[in-house]
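Student: Sending over a structure as structure tokens; questions will come in a sec.
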Amino acid sequence: MKSRSLYAWCMDHPIGTVLLTFALVLLGILAFPRLSIAPLPEADFPTIQVDARLPGASAETMASSVATPLEVALSSVPGITEMTSSSALGSVNITLQFVLEKNIDTAAQEVQAALNQAAGRLPDMPNLPTWRKVNPADSPILIIGVTSETLSRTEISDLAETVLARQMTQINGVGEVFIGGQQKPAIRIQARPEVLAAAGLTLADIRTAVQRASVNLPKGALFGDNRVSTLAVNDQIFSADEYADLIISYTDGSPVYLRDVATVKLGAENDFVQIWPNGESGVALIIRRQPGANIVATADRIRAALPQLTSALPADVKVEVFNDRTRTIRSSLHEVELTLAIAVVLVIAVMAAFLRQWSATLIVSAVLGVSLIGTCAFMYLVGFSLNNLTLVAIVIAVGFIVDDAIVVIENIHRHLEAGETKRVAALKGAEEIGFTVVSISVSLVAAFIPLLFMGGIIGKLFLEFSLTAAAAILISVVVCLTLAPTLASLFMDKAPAHDPNNPGFFDRLVKRYDTVLTWALDHQKIMLGVFFLTVAGSVASFMAIPKGFFPLQDTGFVIGVTQAASDIPYEDMIAKHKQLEQILKNDPDITGFNHAVGGNNSTGSGRVWVVLSDPDDRDASASEIIDRLRPQFAQIPGFQVFLRAAQDINLGAGPGRAQYSYVLKALSSEELATWTQALTAKLRQNPIFTDLSNDLQWDANIIKLELDRQEAARLGFAAADLDQALYDAFGQRQINEYQTETNQYNVILELDPAQRGTAESLNYFHLRSPTTGEMVPLLAFAKVLPATSGPVVIAHNGMQPAATLSFNLAAGISLGEAVEVLEQARTELQMPGSVSGSFQGAAQAFQDSLATQPLLIFTALLAVYIILGVLYESFVHPLTILSTLPSAAIGAILLLWIWQLDFSIMALIGIILLIGIVKKNGILMVDFALQAQREQGLSAKEAIHQACLVRFRPIMMTTLAAILGAVPLMMGFGTGAELRVPLGVAVVGGLAFSQVLTLLTTPVVFLALDKAFLQKKQIAK
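Those letters in the sequence shown? Residues 153 to 1173, by this note's numbering.
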């Protein structure tokens, strides 16, 4: 009677088995090209940025009258984890970061409702606050330079906005298209106060006349008996000349034209901003994606649209992609795919060397191929992307898959050596080893269970990694126990006969191992001592190794900010940026750059974007390039440059000056400034911090006017009259706009450029008294006080005054060391309780992950123990199997130390993988020993001795396969290697070290536990 087992059914139905396998392969082949491409799994915090503009308003006015009402209203939106704001001259930016589970579309609706609620408490603004679904901390996916040799910057800016930017924002996945260096066209009315005073006019008269002279209002229509006619009027003014011809008033019957008291010209809406794409004057389109949008797909859609968009531009306008973030993403994925191919070749080579049979090698190769292709089908079905982590999971899975296949094929091979027929050997081999394979694989999957329940951004990142690896393992179990025995029963050759008088290399190796094992079993106390030393060593080494977060990536892109004195003249700031430009041009590893002046409405700040050559084409990493640029930038007097390598993982709610940030909050700005500067000064004494800075800018030159309220009241004036007069003169006030079919342009009122930069112009200011109608000098009821210092930017975090310390780390310094030093410095300064501090972004996520690492490892151990206990119906045998782990931990940490790597999240994942991999040795030994005790009546010592010798070959083969599968990761070649190396090093080090010890310690632990628990239990019975 035929066996009714699954193995027998597959052998009896080889065509059906092969066709079912082919169906799985076909699904995988169809799915692979349809998998989306990304650098990492989508794990963005839902983020919304709110912008508000009030040209001319100081940072303090923006913070108190705009930022605070908005923050109060927005605080009612549920699910906000972080709310930061930055108030500068004329602008407020508020960034809202939500919990991971928050739907961003729902969040957007709630944010809009909050803005509507706050609108009544805001000052009179040219436009209402706006919001965008974008994270300003995220690196741009594309930067596109737009330049022309013949067109002015205002013309280029207009074309970039109307032809390019607006169309790009409609592309799926695009969150924001920021036009860097935009000088939007505007009509500027530059009044001369002394001429106005002589004519008996004020700036308010000009404002009123302009607002009344140009409108665009509905006029109605004529509904006649025969036709309907729409009424039209030339009510809009579109040119500077037409504005210049406006009559402001009449003096002695003669008209006073606007050109008589002011210069009217077509200029830029903001004169104090400029950008240089690759050193050329123009604008740059800085494109960011929506949170959650696929980077590669979005960039591809933009590139596909570019030819059609640029066809509408004049011929001499050059549009060039300056930086494409997908360049290194694609390169990194290509390198991982190459790593996968190398791992497969190495593993197959090991199998061929051990099995010495082409048929057996090809069967294992078939199992490997089917399992990997089937995993692609799974990834497509659940919506996973092809990214660095899922591909690394597949690379690691190569070793797991081959382990299962080797165990099955080696056992069949052993029965063939014993003289069995192909079918009998395949059936016996599969039935004997089936439970072992299931035990190995299920307990390996159990090690991933804690990863599935990790919270926060780390949990979301590694969800795809864990499920991909688990799917590959489970698919391989099914294929190994169905396809492998079927193919073996048909094609596996009979094993070559061994000549007992001429033992091969492996036979001699087994004999040597037998000698050492016999000694170990005879000296159990010594071996137990070694085992307990490994337990203590693993705990001690884990506590001692420096801790880190994610390894710093080299994405080939560097971003940064520049800072000079806040009151630096605009032309001087441009000169310093030109020196920076020359340094960037001279660096051989820089292929392109952008630099801009005028960020945050301050001439003292700027931005830098640097594109590096491909990592394979240069010897220096991005961090090393930053290190060599730093001293060159330091030669520019009164100028600071803060650079950081752009990362695929951006966890903060705003663009920082450096990789890591620490936020201080206080109840008052004065107390905040005191302790921020004290902490910054103390940390600068420690060389482990580089590019250390804080974002407190209290060097704005403030010219204050003191209002004499009694005198003002006597003359009929109030504080609002003074504010309005100053706003008209110095606020670049948008007093009107003209509208075309494609855009709207502002009309701006200001003083003549020769006078708007000096307080002496106030001597010529006159206001018309509301009570007498007479012209009154402004300084008759106000006086100019000596200049003082004030804030350039006011930052809030959680609606409190806040300052951010940003820093990079010196080479070889781990984030864990920096965190300890910073906390110690804070303690030594004895900061008061009213000043609170916390890490933000990557540093905060590091602290959270550091606190959960021991629990995560313990949970993984517990999950594996429970699964093994259920499978073996024993409390004791899982302990024997898990005794293989301490030596693996020591090996992993030791090799990380040798490689000069810290214990990062990727190394932690390597340790968790080791929990699943290394216990395989214990399962192979214990499973055979228990079977030998049951079926052959052997003692525990005889059974474990025989188990070690019989299972020695599959243990060596599977361990070597797993090691070689991880070696390409450890070698770390190509783009994106920084993420792969720590995981590969941990796996290789753990496997290599544990292989040496567990072959000797595990049998001894088995006997010790058997003597302590099982023999006593049998005696009691």
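Think of the CB as a built atom: it goes at the ideal place given N, C-alpha and C, for glycine as much as any other residue.
Under the three-state reduction of DSSP, which class applies to residue 476: helix, strand or coil?
Tutor: Taking the sequence shown and counting its residues from 1, the one referred to as residue 476 is at position 324. In the structure shown, residue 476 sits in a strand (DSSP, three-state: E or B).
Student: Can you tell which of 536, 899 and 253 has its C-alpha closest to the C-alpha of residue 184?
Tutor: Counting from 1 along the sequence shown, the entry for residue 184 is found at position 32. The candidate whose alpha carbon is nearest that of residue 184 is 536.
Student: Taking the alpha carbon of residue 447 as the reference point, which residue from 745, 1126, 268 and 291 has its own alpha carbon closest?
Tutor: In the sequence shown, the residue the question calls residue 447 occupies position 295. Here the closest residue by C-alpha is 291.
Student: Relative to the alpha-carbon of residue 784, which residue among 768, 739, 824 and 765 has its alpha-carbon at the smallest distance?
Tutor: Your numbering for residue 784 matches position 632 in the sequence shown. For residue 784, the nearest C-alpha among the options comes from 739.
Student: Is there contact here, the region 654-673 with the region 1002-1010, by at least three beta-carbon pairs under 8 angstroms?
Tutor: At 8 angstroms Cβ cutoff, the stretches do not touch.
Student: Within 8 angstroms, do at least three Cβ pairs link the region 927-941 to the region 791-811?
Tutor: Result no; under three Cβ-Cβ pairs closer than 8 angstroms.
Student: The alpha helix (DSSP H) spanning residue 644 covers which residue range?
Tutor: Working through the sequence shown from its first residue, we reach residue 644 at position 492. Counting along the chain, residue 644 falls outside any alpha helix (DSSP H), and DSSP gives it neither H nor E.
Student: When we look at the beta-carbon of residue 968 and count the other beta-carbons within 10 Å, is it buried (16 or more) or exposed?
Tutor: Taking the first residue of the sequence shown as position 1, residue 968 is located at position 816. So residue 968 ends up on the buried side.
Student: If you pair each beta-carbon of the region 1150-1168 with each one of the region 523-539, do three or more pairs fall below 8 angstroms?
Tutor: Verdict: no, contact absent.
Student: Is there contact here, the region 930-937 with the region 862-870, by at least three beta-carbon pairs under 8 angstroms?
Tutor: Yes, they touch.
Student: Runs of 4 residues minimum, wholly inside the region 901-963: which ones carry the alpha helix (DSSP H) assignment?
Tutor: Qualifying alpha helix (DSSP H) stretches: none in this window.
Student: Considering residue 301, what are the terminal residues of the alpha helix (DSSP H) in which it resides?
Tutor: The residue labelled residue 301 in the question sits at position 149 within the sequence shown. No alpha helix (DSSP H) holds residue 301; DSSP gives it neither H nor E.
Student: Taking only the alpha-carbon atoms, compute the straight-line gap between residue 625 and residue 1066 and give it to the nearest angstrom.
Tutor: The residue given as residue 625 occupies position 473 in the sequence shown. The residue given as residue 1066 occupies position 914 in the sequence shown. Those two C-alpha atoms are separated by around 14 angstroms.
Student: Can you name the start and end residues of the beta strand (DSSP E) that residue 277 belongs to?
Tutor: The count along the sequence shown starts at 1 and reaches residue 277 at position 125. No beta strand (DSSP E) holds residue 277; DSSP gives it neither H nor E.
Student: Taking Cβ to Cβ, would you say residue 816 is nearer than 8 angstroms to residue 824?
Tutor: Position 664 of the sequence shown, counted from the start, is the residue given in the question as residue 816. Position 672 of the sequence shown, counted from the start, is the residue given in the question as residue 824. Cβ atoms of residue 816 and residue 824: closer than 8 angstroms.
Student: What residue range does the alpha helix (DSSP H) around residue 738 cover?
Tutor: By 1-based counting over the sequence shown, the position of residue 738 is 586. Here the alpha helix (DSSP H) through residue 738 covers 722-738.
Student: Rounded to whole angstroms, how far is the Cβ of residue 1020 from the Cβ of residue 1030, which I believe are closer than 8 angstroms?
Tutor: Start at 1 with the first residue of the sequence shown, and residue 1020 comes out as number 868. Start at 1 with the first residue of the sequence shown, and residue 1030 comes out as number 878. Confirmed, about 4 angstroms.
Student: If the criterion is Cβ atoms closer than 8 angstroms, does the pair residue 1073 and residue 1004 meet it?
Tutor: Translated into positions along the sequence shown, residue 1073 becomes position 921. Translated into positions along the sequence shown, residue 1004 becomes position 852. The answer is no: Cβ separation not under 8 angstroms.
Student: Is residue 1129 helix, strand or coil when you go by DSSP?
Tutor: The count along the sequence shown starts at 1 and reaches residue 1129 at position 977. Residue state, collapsed to three classes: helix.
Student: Would you call the region 1087-1099 and the region 1123-1140 in contact, with 3 or more CB pairs under 8 angstroms?
Tutor: No, the region 1087-1099 does not touch the region 1123-1140.
Student: With DSSP as the reference, please indicate the residues paired to residue 188 in a beta bridge.
Tutor: Within the sequence shown, residue 188 is the residue found at index 36, counting from 1. Bridge partners of residue 188: none, in fact.
Student: With the cut-off set at 8 angstroms, would you say residue 278 and residue 884 are in Cβ contact?
Tutor: Residue 278 sits at position 126 when you count from the first residue of the sequence shown. Residue 884 sits at position 732 when you count from the first residue of the sequence shown. Result no, Cβ atoms of residue 278 and residue 884 do not sit closer than 8 angstroms.
Student: Output the distance between the C-alpha atoms of residue 734 and residue 366, rounded to the nearest integer angstrom.
Tutor: Taking the first residue of the sequence shown as position 1, residue 734 is located at position 582. Taking the first residue of the sequence shown as position 1, residue 366 is located at position 214. The alpha-carbon atoms of residue 734 and residue 366 are separated by roughly 47 angstroms.
Student: Could you please give the first and the last residue of the uninterrupted beta strand (DSSP E) stretch that includes residue 425?
Tutor: Residue 425 sits at position 273 when you count from the first residue of the sequence shown. From DSSP, residue 425 is part of no beta strand (DSSP E); its letter is neither H nor E.
Student: DSSP state of residue 983, grouped into three classes?
Tutor: Sequence index remark: in the sequence shown, residue 983 carries index 831 (1-based). Residue 983 falls in the coil class under three-state DSSP.
Student: Would you say the region 995-1003 touches the region 600-611, given that touching needs at least three Cβ pairs under 8 angstroms?
Tutor: Yes, the region 995-1003 touches the region 600-611.
Student: Exposed or buried, what is residue 324 when buried is set at 16 or more other beta-carbons lying within 10 Å of its beta-carbon?
Tutor: Translated into positions along the sequence shown, residue 324 becomes position 172. With fewer than 16 Cβ atoms within 10 Å of its Cβ, residue 324 is classed as exposed.
Student: What three-state label does DSSP hand residue 437 in the structure shown?
Tutor: Within the sequence shown, residue 437 is the residue found at index 285, counting from 1. Correct three-state label for residue 437: strand.
Student: Compute the beta-carbon to beta-carbon distance between residue 285 and residue 595, rounded to the nearest angstrom, for a pair I have assumed lies under 8 angstroms.
Tutor: Walking along the sequence shown from the start, residue 285 turns up at place 133. Walking along the sequence shown from the start, residue 595 turns up at place 443. With a Cβ gap of about 43 angstroms, residue 285 and residue 595 do not count as contacting.
Student: Check whether the region 1054-1064 and the region 691-703 are in contact - that is, three or more C-beta pairs closer than 8 angstroms.
Tutor: Segments in contact, yes.
Student: Could you say if the region 308-324 and the region 890-900 meet the contact criterion of at least three C-beta pairs nearer than 8 angstroms?
Tutor: Contact holds: three or more Cβ-Cβ distances are below 8 angstroms.
Student: With C-beta atoms as the reference, is residue 750 less than 8 angstroms away from residue 716?
Tutor: The residue you call residue 750 lines up with position 598 of the sequence shown. The residue you call residue 716 lines up with position 564 of the sequence shown. No; because the gap between Cβ atoms is not below 8 angstroms, this pair is not in contact.
Student: Can you tell me whether DSSP reads residue 366 as helix, strand or coil?
Tutor: Counted from its first residue, the sequence shown places residue 366 at position 214. Looking at residue 366 - three-state DSSP - the assignment turns out to be coil, as it is neither helix nor strand.
Student: Exposed or buried, residue 334, counting other C-beta atoms within 10 Å across all chains shown (16 or more means buried)?
Tutor: Start at 1 with the first residue of the sequence shown, and residue 334 comes out as number 182. So residue 334 ends up on the buried side.
Student: If you measure between the beta carbons of residue 1157 and residue 990, is that distance less than 8 angstroms?
Tutor: As a first step, residue 1157 must be located in the sequence shown, where it is residue number 1005. As a first step, residue 990 must be located in the sequence shown, where it is residue number 838. Contact: no.
Student: Please identify the residue among 962, 1153 and 356 whose C-alpha is closest to the C-alpha of residue 812.
Tutor: For the purposes of this step, residue 812 is identified with residue 660 of the sequence shown, where counting begins at 1. Selected option, being the one with the closest Cα: 962.
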